[in-house]
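Enquirer: In our numbering, the protein residues as written are 10 to 424.
Glycine included, each C-beta is placed from N, C-alpha and C at the ideal position.
In this text the structure is predicted, and so the values were computed from the model without any measurement.
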Ligand code: AMP
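1. In terms of alpha-carbon separation, which member of 93, 226, 243 lies closest to residue 232?
2. Write down the C-beta distance between residue 106 and residue 47 rounded to the nearest angstrom, noting that I regard them as a contact closer than 8 Å.
3. Is there at least one non-hydrogen atom of the ligand AMP closer than 7 Å to the beta-carbon of residue 52?
4. Less than 8 Å between the CB atoms is what I'm expecting for residue 202 and residue 175, so what's the real figure, rounded?
5. If you compare alpha carbons, which of 296, 83, 171, 253 is closest to residue 187?
6. Hey, residue 40 and residue 63 are a contact pair by Cβ (cut 8 Å); roughly how many whole angstroms apart?
7. Is the CB-CB distance between residue 320 and residue 263 below 8 Å?
8. Rounded to whole angstroms, how far is the Cβ of residue 227 from the Cβ of residue 54, which I believe are closer than 8 Å?
9. Distance check for residue 374 and residue 325, CA to CA, integer angstroms please.
10. The ligand AMP and residue 30: does any heavy atom of the ligand fall closer than 7 Å to the residue's C-beta?
11. So is the beta-carbon of residue 33 under 7 Å away from any non-hydrogen atom of the ligand AMP?
12. Taking residue 161 as the reference, which of 171, 191, 288, 167 has the closest Cα?
13. Any chance the region 250 to 257 sits against the region 286 to 302, with 3 or more Cβ pairs inside 8 Å?
14. Within a Cβ cutoff of 6 Å, which residues of the same chain sit near residue 407, ignoring the five residues on either side of it in sequence?
15. What does a CB cutoff of less than 6 Å around residue 72 pick up in its chain, not counting 5 residues either side in sequence?
16. If we require 4 or more residues per run, which alpha helix (DSSP H) segments fall completely within the region 34 to 83?
17. What are the boundary residues of the beta strand (DSSP E) that residue 231 is part of?
18. Comparing alpha-carbon positions, which option in 258, 285, 238 lies nearest residue 272?
19. So, residue 357 versus residue 234, is the Cβ gap smaller than 8 Å?
20. Let's test the definition: count the other Cβ atoms within 10 Å of the Cβ of residue 28 and tell me whether it reaches 16, buried, or not, exposed.
21. Measure the C-alpha to C-alpha separation of residue 89 and residue 139 and round it to an integer number of angstroms.
22. Is the beta carbon of residue 201 within less than 7 Å of some heavy atom of the ligand AMP?
23. Near residue 144, which residues of its chain fall below 6 Å by C-beta distance, leaving aside the five closest residues on each side in sequence?
24. Let me know the secondary structure DSSP gives residue 338 once reduced to three states.
25. What would DSSP say about residue 213, mapped onto helix, strand or coil?
26. Along the chain, where does the beta strand (DSSP E) that runs through residue 303 open and close?
27. Could you please give the first and the last residue of the uninterrupted beta strand (DSSP E) stretch that includes residue 324?
28. Go ahead and pull the three-state DSSP assignment for residue 17.
29. Would you say the beta carbon of residue 60 is closer than 7 Å to some non-hydrogen atom of the ligand AMP?
30. Within the same chain, show all residues whose beta-carbon is closer than 6 Å to that of residue 100, passing over the 5 residues directly before and after it, in chain order.
31. Straight-line CA distance for residue 355 to residue 247?
32. Would DSSP call residue 295 helix, strand or coil?
See below:
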């Protein structure tokens, strides 16, 4: 079914066309009619599935045109500044043939620009909870006219300790409203918020979050802890990458990796929560434009960000939280592209890796970089019969020996 058949307004359809989309993704097909019909919705969709347009397009159609001198009618809550900025940009892009106005409201930057946009009058506010509360206190934002409330990435709101303030914000919106609720997982705390916020919601599930995006090839590279950086450099050298996202568990680790990569003559951006908002914007924009070929990031900073054309994700550290594995590697292979995602694993993290494999319900193939001078490590315990393709052999009894060439061909052969 083409977008045309979904009853979106003509001006929104033109925005979709200008964005270069031809066919709706599965979540768009399922969510757009529900949102257009005014119903509440609970959506669980993997990142990269087109979730943003699934709510933005029908919302813009429902709003119709800018309402001068009236308070905002749509509030979208996002857990991070990057997501707020990204979702607001998507709204603006899709709304470019309308006069609808959107503003992003988030902390870490001055109040001035956001304040003057609010004064000018907006229809849509895309906000992180903290800065929104600041503007509610000063009376510069009122929620009394909100008719559509979007709670996005609610599980991350929980991780970041935002749930109490989110509940408060929900309670300040009119009861008679439409609510759209997106969360990859629904633990009991989130189920409680959902039942408080929603009325007879339609459930739309597109790919449960445990599953790894099918367009991503992923693999692990076992390596001694103190050889991780050398292996990273080796992988980068032997790869035709266009843009690589490298994940570190810690902010300090991210800075250190970036420093060493710069010393090795790579152009590198860094994204983590200790950087100023301006530094974060510069890093993200530079990475998007190709100024930086590599971006080193931590999980919170990178959650949900959309960078078209990320060709490789390298987990320098195994994520602590199995769910973050799915999110991290979801940064590549977005929409219909194909991406490669690799995880460096030292023996201290074999048990974390086991947790991830249990979580995603599959064994991650093991690879070895041809020609790399591996130091011996304790091999990974063998999986039960019939699972995975782990083999011993190669230099120093390194696990995964023998698959290196095959892996490298895949790693470097995409473009
Ligand atoms: P999202 O899951 O909303 O972060 O979207 C993931 C990526 O898919 C973004 O780069 C979108 O621009 C892109 N996208 C969303 N919907 C479509 C579509 N129908 N056709 C092609 N690309 C899309």
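Expert: To lay it out plainly:
1. In the chain shown, the residue the question calls residue 232 occupies position 223. When each option's Cα is compared against that of residue 232, the closest is 243.
2. Taking the first residue of the chain shown as 1, we reach residue 106 at position 97. Taking the first residue of the chain shown as 1, we reach residue 47 at position 38. 23 Å between Cβ atoms; not a contact.
3. Reading the chain shown from its first residue, position 43 is the one you call residue 52. Because no heavy atom of the ligand AMP lies under 7 Å away, the Cβ of residue 52 does not count as near it: no.
4. Along the chain shown, read from residue 1 onward, the residue named residue 202 stands at position 193. Along the chain shown, read from residue 1 onward, the residue named residue 175 stands at position 166. The Cβ separation is near 7 Å, so the contact holds.
5. Numbered from its first residue, the chain shown carries residue 187 at position 178. It is 83.
6. Numbered from 1 along the chain shown, position 31 holds the residue referred to as residue 40. Numbered from 1 along the chain shown, position 54 holds the residue referred to as residue 63. Rounded, the Cβ-Cβ distance is 4 Å, consistent with contact.
7. Stepping through the chain shown from its first residue, residue 320 is reached at position 311. Stepping through the chain shown from its first residue, residue 263 is reached at position 254. Their beta carbons are not under 8 Å apart, which means residue 320 does not touch residue 263 by this criterion.
8. Your numbering for residue 227 matches position 218 in the chain shown. Your numbering for residue 54 matches position 45 in the chain shown. The Cβ separation is near 20 Å, so there is no contact.
9. Within the chain shown, residue 325 is the residue found at index 316, counting from 1. Within the chain shown, residue 374 is the residue found at index 365, counting from 1. Between residue 325 and residue 374, the C-alpha separation is close to 17 Å.
10. In the chain shown, the residue the question calls residue 30 occupies position 21. Result yes, Cβ under 7 Å from the ligand AMP.
11. Along the chain shown, one-based indexing puts residue 33 at 24. Relative to the non-hydrogen atoms of the ligand AMP, the Cβ of residue 33 comes within a distance shorter than 7 Å of at least one.
12. The residue labelled residue 161 in the question sits at position 152 within the chain shown. Per the Cα distances, 191.
13. yes
14. On the chain shown, position 398 is the one that residue 407 refers to. Low confidence applies to residue 407: its pLDDT is 33, below 50, so where it sits in the model is not reliable enough to give any reading.
15. For the purposes of this step, residue 72 is taken as the residue at position 63 of the chain shown. Only 109, 132 meet the Cβ criterion.
16. 35 to 45, 60 to 72
17. By one-based count along the chain shown, residue 231 stands at place 222. It spans 225 to 231 - the beta strand (DSSP E) in which residue 231 sits, taken as one unbroken run.
18. Stepping through the chain shown from its first residue, residue 272 is reached at position 263. Looking from the CA of residue 272, the closest CA among 258, 285, 238 belongs to 238.
19. Stepping through the chain shown from its first residue, residue 357 is reached at position 348. Stepping through the chain shown from its first residue, residue 234 is reached at position 225. In contact: residue 357 and residue 234 (Cβ atoms closer than 8 Å).
20. Along the chain shown, one-based indexing puts residue 28 at 19. Residue 28 is exposed by the Cβ-count criterion.
21. Counting from one through the chain shown, the residue named residue 89 turns up at place 80. Counting from one through the chain shown, the residue named residue 139 turns up at place 130. Cα-Cα distance, rounded: 10 Å.
22. Working through the chain shown from its first residue, we reach residue 201 at position 192. Residue 201 Cβ: outside cutoff for every heavy atom of the ligand AMP.
23. Within the chain shown, the letter at position 135 stands for residue 144. Contacts found: 150.
24. The count along the chain shown starts at 1 and reaches residue 338 at position 329. Helix, per DSSP.
25. One-based indexing of the chain shown puts residue 213 at position 204. Three-state result, residue 213: strand.
26. As a first step, residue 303 must be located in the chain shown, where it is residue number 294. Unbroken beta strand (DSSP E) run through residue 303: 303 to 306.
27. On the chain shown, residue 324 is found 315 positions in, with the first residue counted as 1. From DSSP, the beta strand (DSSP E) with residue 324 extends over 321 to 324.
28. Counting from 1 along the chain shown, the entry for residue 17 is found at position 8. Residue 17: coil per DSSP, three-state reduction.
29. Numbered from 1 along the chain shown, position 51 holds the residue referred to as residue 60. Because some heavy atom of the ligand AMP lies under 7 Å away, the Cβ of residue 60 counts as near it: yes.
30. Here residue 100 refers to the residue found at position 91 of the chain shown. The answer, listed in chain order, is 65, 111, 133.
31. Position 346 of the chain shown, counted from the start, is the residue given in the question as residue 355. Position 238 of the chain shown, counted from the start, is the residue given in the question as residue 247. If you take the alpha carbons of residue 355 and residue 247, they lie about 21 Å apart.
32. Start at 1 with the first residue of the chain shown, and residue 295 comes out as number 286. It is helical.
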